[in-house]
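Numbers in this note's numbering are just positions in the sequence shown, counted from 1, shifted up by 81. See structure below.
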Amino acid sequence: MIVILDLGSHHNTVVARAVRELGVYSEIYPHDITKAELLALPKVEGIIINGGENNIIDGVEIDVLPEIYEVGVPVMAAGHPKAKCAKSIEAFTDDDVAIKAAVEGFVLEECKAAKEWNMKNFVAEQIELVRKQVGDGKVLLALSGGVDSSVVAALLLKAIGERLVCVHVNHGLMRKGESENVIEVFRNQLNANLVYVDATERFLTKLEGVEDPEAKRKIIGSEFIRVFEEEARKADGIDFLAQGTIYPDIVESGTKTAKMVKSHHNVGGLPEDLQFELVEPLKQLFKDEVRECGLELGLPYDMVYRQPFPGPGLGVRCLGAIERERLEAVRESDAILREEFKAAGLDKSVWQYFTVVPDFKSVGVRDNARSFEWPVIIRAVNTVDAMTATIEHIDWAILDKITRRILAEVKGVNRVCYDLSPKPNATIEWE
Ligand code: XMP
82 MIVILDLGSH HNTVVARAVR ELGVYSEIYP HDITKAELLA LPKVEGIIIN
132 GGENNIIDGV EIDVLPEIYE VGVPVMAAGH PKAKCAKSIE AFTDDDVAIK
182 AAVEGFVLEE CKAAKEWNMK NFVAEQIELV RKQVGDGKVL LALSGGVDSS
232 VVAALLLKAI GERLVCVHVN HGLMRKGESE NVIEVFRNQL NANLVYVDAT
282 ERFLTKLEGV EDPEAKRKII GSEFIRVFEE EARKADGIDF LAQGTIYPDI
332 VESGTKTAKM VKSHHNVGGL PEDLQFELVE PLKQLFKDEV RECGLELGLP
382 YDMVYRQPFP GPGLGVRCLG AIERERLEAV RESDAILREE FKAAGLDKSV
432 WQYFTVVPDF KSVGVRDNAR SFEWPVIIRA VNTVDAMTAT IEHIDWAILD
482 KITRRILAEV KGVNRVCYDL SPKPNATIEW E
């Protein structure tokens, strides 16, 4: 493995990815790692000190410990020219091609690292590690059907089979066909031990009359934990809890130099007396590596490449207080949009696309009479990291077809609008 030491660069993950793309494993560590800690890591073949503008902590310029130069492997410094290194270069900029070229020369020529990192080896290694960790114990997993939890489920199934207990909670805010698809793939095709909980009534009752978006999110989040906890108590003899934690979650919560520190998301909030040891087999992978891992494990392409979907589901797209009929309008219009995007090949190129139904009506005409119905808003955006986004320029003929279908097939809708706003000033979701 190649170790990347974070000395205040924005580009740690890009550098780590560039190393892995060469077929060499890499991990990111804080700048003040000790020689002993480095020697304890498995087979370190080189160190990249990655300097940048975030190298001041509490007014003091930080540096790596001098002893790390004595680990006995080549060291490259980017943006830290004073060091005694095999190679010293300018700090990395946003130029990915330059990063790749510099990394390739160092990793393959200076370090002579072996190209042994690939998904096949990763999967085989993780299966062994999970078997070792779990022994003959049982593992519980909240399987939402999202990419990360689906890939964890597929991997654990290979490792421990029916000793994996998957719980799929349908909060009634899933997209059309989503829970059915989870059941079809995991219970019917992969023979997973899957507990399906239809908690629709419970969630929708709790959400009745709640208008505030944050209050809605809190109710959905805490009710989810409650339902999951009930199932955890029912399932006998569980010792472990599996989570779809991925590498960015760990890097973002563990860095000492980044200005914005995101807390590590997990099924946190489970009561103290439900104490499980965690199983996190994807915690070393970046998102696209998780997808590759899913394909390696035989999951369907659509499941592995599905677009991002918020945890609170359609609940954030049925604006204001959720009403059942309007929620159906969100679900049905979203299904039509997805179908038509797929037919036009846009599902492969557009990052995220969905519909929103606001909580107001306007006058229209239906069957020669006045109607008073909701509008449907279509949103389709492209982004790299979801921090900023641009809108997709959709062909009028496609928008026209989607509009005609929504007006004909979705109950209670008399208008369709296309949202032209980039982020900022808008956000991707409407809340
Ligand atoms: P915004 O609306 O903030 O959304 O521009 C940025 C991205 O985050 C997604 N999103 C969520 N993802 N849990 C998630 O896993 C959530 O609660 C959540 N809320 C928003 C949103 O769909 C978009 O891709």
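Glycine included, each C-beta is placed from N, C-alpha and C at the ideal position. Being a predicted model, the structure only gives us computed values, none of them experimental.
Between the CA atoms of residue j and residue i - distance to the nearest angstrom
{"i": "residue 498", "j": "residue 379", "result": "39 angstroms"}
{"i": "residue 360", "j": "residue 476", "result": "46 angstroms"}
{"i": "residue 105", "j": "residue 170", "result": "21 angstroms"}
{"i": "residue 74", "j": "residue 491", "result": "Because the chain spans 82 through 512 in this model, residue 74 falls outside it and cannot be assessed."}
{"i": "residue 501", "j": "residue 482", "result": "18 angstroms"}
{"i": "residue 190", "j": "residue 108", "result": "19 angstroms"}
{"i": "residue 364", "j": "residue 213", "result": "17 angstroms"}
{"i": "residue 455", "j": "residue 410", "result": "9 angstroms"}
{"i": "residue 178", "j": "residue 167", "result": "21 angstroms"}
{"i": "residue 448", "j": "residue 466", "result": "45 angstroms"}
{"i": "residue 147", "j": "residue 120", "result": "15 angstroms"}
{"i": "residue 397", "j": "residue 375", "result": "28 angstroms"}
{"i": "residue 347", "j": "residue 222", "result": "With a pLDDT of only 49 at residue 347, under 50, the local geometry of the prediction cannot be trusted, and the value read off the model is given with reservation. Cα to Cα, residue 347 sits roughly 12 angstroms from residue 222."}
{"i": "residue 134", "j": "residue 93", "result": "13 angstroms"}
{"i": "residue 267", "j": "residue 337", "result": "39 angstroms"}
{"i": "residue 408", "j": "residue 421", "result": "20 angstroms"}
{"i": "residue 113", "j": "residue 89", "result": "12 angstroms"}
{"i": "residue 240", "j": "residue 122", "result": "25 angstroms"}
{"i": "residue 324", "j": "residue 362", "result": "8 angstroms"}
{"i": "residue 381", "j": "residue 446", "result": "43 angstroms"}
{"i": "residue 486", "j": "residue 441", "result": "21 angstroms"}
{"i": "residue 488", "j": "residue 458", "result": "12 angstroms"}
{"i": "residue 478", "j": "residue 424", "result": "13 angstroms"}
{"i": "residue 118", "j": "residue 321", "result": "28 angstroms"}
{"i": "residue 83", "j": "residue 99", "result": "11 angstroms"}
{"i": "residue 206", "j": "residue 237", "result": "12 angstroms"}
{"i": "residue 143", "j": "residue 331", "result": "22 angstroms"}
{"i": "residue 272", "j": "residue 463", "result": "36 angstroms"}
{"i": "residue 341", "j": "residue 333", "result": "The predicted position of residue 341 is uncertain, since its pLDDT is 44 and thus under 50; a value taken from the coordinates is nonetheless stated next. Spanning the two alpha carbons is a distance of roughly 8 angstroms."}
{"i": "residue 298", "j": "residue 377", "result": "34 angstroms"}
{"i": "residue 354", "j": "residue 433", "result": "39 angstroms"}
{"i": "residue 520", "j": "residue 263", "result": "Shown here, the chain extends from 82 to 512; a query on residue 520 therefore has no answer."}
{"i": "residue 307", "j": "residue 511", "result": "27 angstroms"}
{"i": "residue 509", "j": "residue 296", "result": "19 angstroms"}
{"i": "residue 430", "j": "residue 309", "result": "35 angstroms"}
{"i": "residue 385", "j": "residue 417", "result": "21 angstroms"}
{"i": "residue 282", "j": "residue 495", "result": "28 angstroms"}
{"i": "residue 265", "j": "residue 243", "result": "17 angstroms"}
For residue i, three-class secondary structure by DSSP
{"i": "residue 464", "result": "coil"}
{"i": "residue 343", "result": "Caution applies to residue 343, whose pLDDT of 41 falls short of 50 and renders its modelled position unreliable; the model cannot decide the point."}
{"i": "residue 199", "result": "coil"}
{"i": "residue 374", "result": "helix"}
{"i": "residue 106", "result": "coil"}
{"i": "residue 504", "result": "strand"}
{"i": "residue 475", "result": "coil"}
{"i": "residue 433", "result": "strand"}
{"i": "residue 470", "result": "strand"}
{"i": "residue 427", "result": "helix"}
{"i": "residue 269", "result": "helix"}
{"i": "residue 82", "result": "coil"}
{"i": "residue 396", "result": "helix"}
{"i": "residue 447", "result": "strand"}
{"i": "residue 367", "result": "coil"}
{"i": "residue 87", "result": "strand"}
{"i": "residue 132", "result": "strand"}
{"i": "residue 113", "result": "coil"}
{"i": "residue 302", "result": "helix"}
{"i": "residue 490", "result": "helix"}
{"i": "residue 157", "result": "strand"}
{"i": "residue 387", "result": "coil"}
{"i": "residue 496", "result": "strand"}
{"i": "residue 452", "result": "strand"}
heavy atom of the ligand FAD below 7 angstroms from residue i C-beta
{"i": "residue 216", "result": "Absent from the structure shown: the ligand FAD. Ligands present: the ligand XMP."}
Those residues, in chain order, that have a beta-carbon closer than 6 angstroms to some heavy atom of the ligand XMP: Put simply, the residues with a CB less than 6 angstroms from any heavy atom of the ligand XMP are 389, 391, 392, 393, 433, 467, 504, 508, 509, 510, in chain order.
Contact the region 234 to 254 vs the region 273 to 286: 3+ CB pairs below 8 angstroms: Touching, yes, given that three or more Cβ pairs across the two stretches are closer than 8 angstroms.
Contact between the region 127 to 139 and the region 151 to 160 (3+ Cβ pairs under 8 angstroms): Output reads yes: the region 151 to 160 touches the region 127 to 139.
Sufficient close CB pairs (3 or more, under 8 angstroms) joining the region 199 to 214 to the region 181 to 188: They do not touch, by the three-pair rule.
Contact the region 134 to 143 vs the region 225 to 238: 3+ CB pairs below 8 angstroms: By the criterion of at least three beta-carbon pairs nearer than 8 angstroms, the region 134 to 143 is not in contact with the region 225 to 238.
The region 392 to 407 contacting the region 299 to 316, beta-carbon criterion three pairs below 8 angstroms: The answer is yes - the region 299 to 316 touches the region 392 to 407, with three or more Cβ pairs under 8 angstroms.
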